[in-house]
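Taking it in order: structure first as structure tokens, then the write-up.
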Amino acid sequence: MAAYLLRRLLLVVPTLFGIILINFVVIQFAPGGPVEQMLAELRGQGQTLGRITGEGGGELRQPNLAQRQPGSGGGEGPVGSYRGARGLDPAIVAEIERAFGFDKPAHVRFWEMIRGYLTFDFGQSLFQGRPVVDLIAEKMPVSISLGLWSTLIIYLISIPLGIRKAVRDGSRFDVATSGIVLIGYAIPGFLFAILLVVLFAGGTFLQIFPLRGLASSGADTFSFWERALDYAWHVTLPTLALVIGGFAGLTMLTKNSFLDEIGKQYVVTARAKGATERRVLYGHVFRNAMLIIIAGFPGAFIGILFTGALLIEIVFSLDGLGLLGFEAAIRRDYPVMFATLYIFTLLGLLMQIVGDFTYTLVDPRIDFEARR
């Protein structure tokens with residue numbers, strides 16, 4: 016197993032490099048980069064060279080443009096190629112290019128970006144003027160909180176429910192709970208989030224839960240238990256929205272896995288030998304049926320952490336990684352975009368390795384090194 020894990024870890028490097036390279040190349044052809052956006056802003060404000068560069072032709076007065084961004088990607092070209100540059104002094108356009116780091120060829124920007132990424136140096140946000148690492152570190156706890164709690168609760172609900180549905184397949188309990196699962200399938204999680212806001216967060220009916228953030232103002236002065244209760248108060252509705260939107264698939268996967276195993280010959284043999292139903296279910300079926308479910312936990316956590324929570328963060332005004340990446344894509348904040356892509360991809364690849372390792376923990380008979 017150690018040799019297999021080592022090979023998988025070594026494969027992370029070229030895989031990560033390829034993903035970053037492909038996205039960087041695609042971005043080169045995407046219109047509306049940060050230079051285009053700044054030019055459009057300048058044209059809208061009607062600013063002149065003296066107001067932008069200063070009377071002595073010094074650095075830009077626009078916030079966050081004074082530092083070069085060698086790691087930025089983007090489909091920016093020569094000065095004359097910007098549609099928004101018409102009517103502007105070429106010196107202004109050249110200064111904006113230099114400030115954003117687009118005065119260098121694309122391949123030079125790419126290698127400088129990769130060199131910085133090796134040490135987790137992601138540069139600074141083009142529009143927020145802060146180090147990207149600080150932005151990610153600031154917003155990571157929000158996303159981890161939502162992803163961790165919702166994933167744990169989904170598994171705690173879905174696995175027992177799926178097992179019971181498999182054992183009582185076709186019964187009234189199975190039919191009734193299938194209706195609940197169908198609702199979870201049919202309605203997206205963000206619609207449940209809006210419904211929860213209307214019902215319990217001061218929408219139309221009750222105002223029981225807060226609607227913004229994961230902590231109350233002045234929470235730093237609370238005691239440990241007061242902070243814990245305050246955190247639980249804030250995280251309840253977002254977590255519930257993610258759980259409702261995500262438990263249906265895992266419930267049906269659990270049910271189908273157990274039904275598939277229950278119908279196999281070794282279960283018939285165990286029953287013929289006089290084993291009790293509990294012994295058959297948890298002594299023989301459970302390990303085989305839960306293999307794919309438990310091993311998929313890391314991937315499920317990553318999926319909820321980086322994709323499922325985006326709209327939930329928007330609805331409940333939670334400043335997490337999903338919202339950060341969305342805003343960066345809208346504003347073409349390339350350092351933030353590529354940094355979040357790098358981190359998401361790296362964690363996803365590592366979680367796949369953790370998932371393979373979990374397979375061997377659930378079923379020691381699995382040996383990846385024995386595969387051809």
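Plus 15 on top of the position in the sequence shown (first one is 1) and you've got my numbering.
Ideal Cβ positions, reconstructed from N, Cα and C, are used throughout, including at glycine.
All figures in this text were calculated on a predicted structure; none of them were measured in a lab.
Inter-residue Cα distance where the pair is residue i and residue j
i, j, result
"proline 175", "glycine 194", "17 angstroms"
"threonine 254", "histidine 122", "43 angstroms"
"alanine 243", "serine 165", "17 angstroms"
"lysine 288", "glycine 298", "14 angstroms"
"threonine 266", "threonine 284", "27 angstroms"
"isoleucine 308", "proline 120", "47 angstroms"
"leucine 339", "leucine 167", "24 angstroms"
"valine 351", "phenylalanine 359", "12 angstroms"
"glycine 363", "isoleucine 317", "7 angstroms"
"valine 147", "threonine 30", "23 angstroms"
"methionine 366", "leucine 26", "13 angstroms"
"isoleucine 327", "aspartate 149", "23 angstroms"
"glycine 144", "phenylalanine 188", "56 angstroms"
"arginine 346", "serine 140", "11 angstroms"
"phenylalanine 262", "arginine 227", "25 angstroms"
"threonine 134", "lysine 154", "20 angstroms"
"glycine 264", "serine 173", "9 angstroms"
"alanine 17", "leucine 163", "28 angstroms"
"valine 41", "isoleucine 35", "10 angstroms"
"glutamate 276", "glutamine 43", "50 angstroms"
"leucine 395", "threonine 236", "Here the chain comprises residues numbered 16 to 387, so residue 395 is not present and cannot be evaluated."
"arginine 22", "leucine 361", "16 angstroms"
"leucine 333", "alanine 290", "51 angstroms"
Residue i, DSSP secondary structure in three states
i, result
"alanine 216", "strand"
"proline 120", "coil"
"isoleucine 368", "helix"
"proline 253", "helix"
"serine 186", "coil"
"aspartate 348", "coil"
"threonine 291", "coil"
"glycine 228", "coil"
"glycine 131", "helix"
"phenylalanine 331", "coil"
"proline 203", "coil"
"phenylalanine 262", "helix"
"isoleucine 67", "Confidence in isoleucine 67 is poor, its pLDDT being 39 and thus under 50, which makes the residue's placement unreliable; the coordinate value appears in the next sentence. It is helical."
"methionine 267", "helix"
"lysine 180", "helix"
"serine 238", "coil"
"methionine 305", "coil"
"glycine 337", "helix"
"glycine 194", "helix"
"glycine 311", "coil"
"lysine 279", "coil"
Minimum C-alpha distance to residue i - residue among the options
i, options, result
"leucine 221", "Leu210, Leu333, Ala230, Thr373", "Leu210"
"phenylalanine 125", "Gln280, Ala354, Tyr374, Pro313", "Ala354"
"isoleucine 312", "Leu171, Pro29, Thr134, Phe341", "Sequence inspection shows phenylalanine at residue 312; the isoleucine mentioned does not correspond to that position. For the residues Leu171, Pro29, Thr134, Phe341, the minimum Cα distance to phenylalanine 312 belongs to Leu171."
"alanine 304", "Phe32, Gly33, Leu26, Val182", "Val182"
"glycine 131", "Tyr357, Glu153, Thr373, Asp371", "Tyr357"
"glutamate 342", "Ile151, Asp275, Ser272", "Ile151"
"proline 203", "Asp245, Gly260, Leu20, Leu214", "Gly260"
"phenylalanine 39", "Leu24, Tyr19, Leu376, Ile129", "Ile129"
"alanine 208", "Ala191, Ala324, Arg293, Asp136", "Ala324"
"alanine 256", "Glu276, Phe237, Ile329", "Ile329"
Nearest-angstrom beta carbon gap, residue j and residue i [assumed within contact, 8 angstroms]
i, j, result
"lysine 270", "glycine 177", "4 angstroms"
"leucine 229", "valine 250", "6 angstroms"
"arginine 286", "valine 295", "6 angstroms"
"alanine 234", "phenylalanine 224", "About 15 angstroms separates the two Cβ atoms, so there is no contact after all."
"serine 160", "leucine 336", "So it is not a contact: roughly 11 angstroms between Cβ atoms."
"leucine 20", "phenylalanine 331", "At roughly 38 angstroms, the Cβ-Cβ gap does not stay under 8 angstroms, so leucine 20 and phenylalanine 331 are not in contact."
Chain B within 8 angstroms of residue i, Cβ atoms only
i, result
"phenylalanine 273", "Of the protein chains in the structure, only one exists, and it is not chain B."
Identity of the residues DSSP links to residue i by a beta bridge
i, result
"proline 146", "Gln139"
"glutamine 43", "Partner(s): none; glutamine 43 has no beta bridge."
"glutamine 222", "Ala216"
Closer than 7 angstroms: residue i CB and nearest the ligand ZN heavy atom
i, result
"proline 120", "Judged by which ligands are present, the structure shown has none, so any question about the ligand ZN falls away."
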